[in-house]
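Residue numbers (the UniProt record's numbering): 1 to 151.
Built from N, CA and C at the ideal position, the CB exists for glycine as well.
Note that this is a predicted model, so its numbers are computed, not measured.
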């Protein structure tokens, strides 16, 4: 499954970059996120998220790694999560930031793979759920970035 998009944010690129690397901000923005903490080696995060896709609900435990860091222009984020009998999810996204219209344009290209019960749900349901989760994340992230008065 692949997905891409762009989000216009009314904040400077440096601020958006710092929020994209702040575990407290990300935890608030990721739908269903229960835990998110930096790993000891600072290369990413350990995460626990509870997600529901169609009739399948599961708590995913996984690891998120940041690579190809190019502050404040973007990075690659890769993750893997196990959801027990529900299956697994793994994938990555290339996130880019550019100056646009006095703010920042965030672009993303996502590629994901799933297995187990989740994979049996059908591509349409999976794609719809993934888009809904992405939209929810970026709506939350926009509020987190723009709602802080630029500090």
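From the DSSP output, read off the bridge partner residues of residue i.
i: residue 60; result: 49
i: residue 33; result: 49
i: residue 6; result: 107
i: residue 218; result: Nothing about residue 218 can be reported from this structure: the residues present for the chain run from 1 to 151 only.
Could you say which of the options lies nearest to residue i if we only look at CA atoms?
i: residue 118; options: 111, 112, 126; result: 126
i: residue 108; options: 84, 115, 68, 96; result: 96
i: residue 23; options: 65, 115, 104; result: 65
i: residue 131; options: 40, 43, 105, 53; result: 53
i: residue 106; options: 36, 45, 76; result: 76
i: residue 74; options: 83, 82, 93; result: 93
Excluding sequence positions up to five away, which residues of its chain have a Cβ less than 7 Å from the Cβ of residue i?
i: residue 145; result: 9, 11, 15, 16, 19
i: residue 136; result: 31
What residues in its chain sit with their C-beta under 8 Å from that of residue i, if we drop five residues either side in the sequence?
i: residue 50; result: 32, 34, 57, 58, 59, 60
So does residue i have its beta carbon nearer than 7 Å to some heavy atom of the ligand NAD?
i: residue 108; result: The ligand NAD is absent from the structure shown, which contains no ligands of any kind.
Margin query: Tell me whether the stretch 114-122 and the stretch 15-24 touch, counting them as touching only if at least three CB pairs, one residue from each stretch, are closer than 8 Å.
Written below: no
Check: Is the stretch 17-36 touching the stretch 133-144, taking contact as three or more C-beta pairs under 8 Å?
Finding: yes
Notebook entry, point to check: Unbroken alpha helix (DSSP H) runs of length 4 or more, entirely within the stretch 65-131: which are they?
Noted result: none
Margin query: Across the stretch 48-60 and the stretch 84-92, are there enough close Cβ pairs to call them in contact, namely three or more that are closer than 8 Å?
Written below: yes
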